[in-house]
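Peer 1: Supplied in structure tokens, the structure appears directly below.
Protein chains: 2
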Amino acid sequence: MSHSIAEAADRTGLTAHTLRYYERDGLLLRPVERDSSGRRRYDQAHLDWIHLVTCLRATGMPIRDVRRYAELVRSGETTEADRLALLHAHRRRVVEELARVTEHLGAIDRKIGIYESRAEERAVVSA
Amino acid sequence: MSHSIAEAADRTGLTAHTLRYYERDGLLLRPVERDSSGRRRYDQAHLDWIHLVTCLRATGMPIRDVRRYAELVRSGETTEADRLALLHAHRRRVVEELARVTEHLGAIDRKIGIYESRAEERAVVSA
DNA sequence: ATCACACTTCGAGTGCACTCCAAGTCAAGA
DNA sequence: TCTTGACTTGGAGTGCACTCGAAGTGTGAT
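Read top to bottom, the protein sequences are chains A and B. Going by my numbering, the first residue of the first sequence is number 3, and it counts up by one from there. Going by my numbering, the first residue of the second sequence is number 3, and it counts up by one from there.
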């Protein structure tokens with residue numbers, strides 16, 4: 003079972019443009035196969051890999067690090083320690099970022115609280 | 003007590019470049035006052051506002067929405083309901099984004115787990 | 001057969017948020 | 001007095017990640 007670029011876009015949540023861009027930019031493990039008329043065919047292995055790429059991208063990994071990770075995978079299983087290190091470093095940054103955002107969100111919540119209590123006050127006064 | 007742009011940069015974690023950029027772009031409530039030789043002087047009210055701006059920015063609010071928020075504040079207290087709506091909408095997006103990132107982080111953690119168990123296996127075999 | 005349409009490539013364009021540069025001003029210290 | 005260095009301005013440049021356009025080709029329905 004293989005899929006056209008439109009189907010792959012559908013299943014990955016990316017656009018066809020972005021899928022071509024990722025391929026050009028070396029984010030995929032290997033170039034996608036083409037059918038007899040030159041069109042891309044994505045198999046399950048590609049979709050699985052692209053899913054991992056979207057996890058990395060959605061958590062803020064830069065394109066060049068995803069490319070680096072793909073290169074490591076391409077280079078064979080001797081690079082597994084390097085891949086693990088790369089993922090660990092990324093994980094640490096993501097956890098830090100989550101904490102930072104959560105903290106800033108708290109400040110925004112306090113601001114919201116201020117506006118709400120002021121709105122409340124006005125409601126009472128005008129009642 | 004007022005501060006030079008270098009001190010303001012220090013206290014806000016932004017660069018002097020960024021502080022000037024924010025001012026030019028209308029993210030501050032009013033232009034920063036200048037001393038007799040034309041240099042910016044930041045008072046506590048400015049620093050407090052910039053702190054709020056960094057909370058909004060750090061949680062992913064686009065510059066144009068921060069500007070919109072600043073415009074509402076400038077327009078007086080009749081806009082408090084609008085400000086509250088803006089903050090609520092932002093809060094919702096941030097919470098969603100946190101959930102999304104957390105979920106993707108889980109997938110990355112599972113990937114890390116796979117590499118770790120493989121590393122573990124190799125360690126056992128080579129022992 | 002013709003038509004619409006999804007696809008191809010290469011390269012250019014976009015939007016965002018800074019980030020930097022050049023040229024000039026001013027104040028304080030040696 | 002001279003120099004150093006932090007500042008000023010307007011505008012240009014950068015990096016990232018797409019996003020789109022133009023021109024062309026192959027496929028499937030009418």
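Ideal placement from N, C-alpha and C gives every residue a C-beta, glycine not left out. In this text the structure is predicted, and so the values were computed from the model without any measurement.
(1) Just to make sure I have the definition right: I need the residues of chain A whose C-beta is within less than 9 Å of the C-beta of Leu100 (chain B). Which are they?
(2) Can the beta-carbon of Arg26 (chain A) be found less than 8 Å from the beta-carbon of Val34 (chain A)?
(3) Between the alpha carbons of Ile52 (chain B) and Val96 (chain B), how many angstroms are there, rounded?
(4) Residues of chain A with a CB under 8 Å from the CB of Val131 (chain B): which are they?
(5) Against Thr61 (chain A), what residues of chain B qualify as contacts under a CB-to-CB distance less than 7 Å, listed in chain order?
(6) In three-state terms, what does DSSP make of Ser4 (chain B)?
(7) At the level of alpha carbons, what is the spacing between Glu99 (chain B) and Arg32 (chain A)?
(8) Determine the DSSP secondary structure at Asp27 (chain A), reduced to helix, strand or coil.
(9) Counting only beta-carbon separations shorter than 8 Å, does Ala1 (chain A) have a partner in chain B?
(10) Can you tell me the Cα-Cα spacing of Arg22 (chain A) and Ser39 (chain A), whole angstroms?
(11) With DSSP collapsed to three states, give me the class of Arg124 (chain B).
(12) Less than 8 Å between CB atoms is the rule here; does His48 (chain A) satisfy it with respect to chain B?
(13) Mind checking if Arg85 (chain A) is an interface residue toward chain B, Cβ cutoff 8 Å exclusive?
(14) For Tyr71 (chain A) and chain B, any beta-carbon pair shorter than 8 Å?
(15) Flag this pair as touching only if the region 71 to 78 of chain B and the region 112 to 122 of chain A have three or more C-beta atom pairs under 8 Å; answer yes or no.
(16) List the residues of chain B that Ile114 (chain A) touches, going by C-beta distances under 7 Å, in chain order.
(17) Residue ranges of each beta strand (DSSP E) run of no fewer than 3 residues wholly in the region 7 to 88 of chain A, ordered along the chain?
(18) Measure from the C-beta of Leu74 (chain B) to each C-beta in chain A and report whether the shortest distance is under 8 Å.
(19) Output yes or no for whether 8 Å exceeds the beta carbon distance between Leu29 (chain B) and Thr56 (chain B).
(20) Out of A:Ala91, A:Ala11, A:Ala121, A:Val75, which one is the CA nearest neighbour of Pro64 (chain A)?
(21) Which residues in chain A sit within 8 Å of Tyr117 (chain B), going by Cβ to Cβ distance?
(22) Compare the C-beta of Leu16 (chain A) against all C-beta atoms of chain B and say whether one is closer than 8 Å.
Peer 2: On the basis of the coordinates in this document:
(1) Residue numbering aside, residue 100 (chain B) sits at position 98 when the second sequence is read from its first letter. Leu100, Val103, Thr104, Leu107, listed in chain order.
(2) Working through the first sequence from its first residue, we reach residue 26 (chain A) at position 24. Working through the first sequence from its first residue, we reach residue 34 (chain A) at position 32. Not a contact, by the Cβ cut-off of 8 Å.
(3) Here residue 52 (chain B) refers to the residue found at position 50 when the second sequence is read from its first residue. Here residue 96 (chain B) refers to the residue found at position 94 when the second sequence is read from its first residue. Ile52 (chain B) and Val96 (chain B): Cα-Cα distance of roughly 20 Å.
(4) Because chain B is modelled from 3 through 129, residue 131 (chain B) falls outside the range shown and cannot be assessed.
(5) Taking the first sequence and counting its residues from 1, one reaches residue 61 (chain A) at position 59. In chain order: Val103, His106, Leu107, Ile110.
(6) For the purposes of this step, residue 4 (chain B) is taken as residue 2 along the second sequence, with counting starting at 1. Three-state result, Ser4 (chain B): strand.
(7) Start at 1 with the first residue of the second sequence, and residue 99 (chain B) comes out as number 97. Start at 1 with the first residue of the first sequence, and residue 32 (chain A) comes out as number 30. Whole-angstrom Cα-Cα distance: 31 Å.
(8) The residue given as residue 27 (chain A) occupies position 25 in the first sequence. Three-state result, Asp27 (chain A): coil.
(9) It is not possible to answer for residue 1 (chain A), since the shown part of chain A is limited to 3 through 129.
(10) Walking along the first sequence from the start, residue 22 (chain A) turns up at place 20. Walking along the first sequence from the start, residue 39 (chain A) turns up at place 37. Straight-line Cα distance between these residues: approximately 17 Å.
(11) If you number the second sequence from 1, residue 124 (chain B) lands on position 122. Of the three classes helix, strand and coil, the one that applies to Arg124 (chain B) here is helix, per DSSP.
(12) Here residue 48 (chain A) corresponds to residue number 46 of the first sequence, with the count starting at 1. False, the Cβ-Cβ gap to chain B never drops below 8 Å.
(13) As a first step, residue 85 (chain A) is located in the first sequence; it is residue number 83 there, counting from the start. By this cut-off, Arg85 (chain A) is an interface position.
(14) Counting from one through the first sequence, the residue named residue 71 (chain A) turns up at place 69. Not one chain B Cβ lies under 8 Å of Tyr71 (chain A).
(15) no
(16) By 1-based counting over the first sequence, the position of residue 114 (chain A) is 112. Residues of chain B whose Cβ lies closer than 7 Å to the Cβ of Ile114 (chain A) are, in chain order, Leu86, Leu89, His90, Arg93.
(17) 42 to 45
(18) Along the second sequence, one-based indexing puts residue 74 (chain B) at 72. By this cut-off, Leu74 (chain B) is not an interface position.
(19) As a working mapping, residue 29 (chain B) is identified with position 27 in the second sequence. As a working mapping, residue 56 (chain B) is identified with position 54 in the second sequence. Not a contact, by the Cβ cut-off of 8 Å.
(20) Taking the first residue of the first sequence as position 1, residue 64 (chain A) is located at position 62. Out of A:Ala91, A:Ala11, A:Ala121, A:Val75, A:Ala91 has the C-alpha closest to the C-alpha of Pro64 (chain A).
(21) Residue mapping note: residue 117 (chain B) aligns to position 115 of the second sequence, counting from 1. What Tyr117 (chain B) touches in chain A: Glu82, Arg85, Leu86, Leu89.
(22) Indexing the first sequence from 1 puts residue 16 (chain A) at position 14. Not closer than 8 Å to any Cβ of chain B, the Cβ of Leu16 (chain A) fails to qualify, so no.
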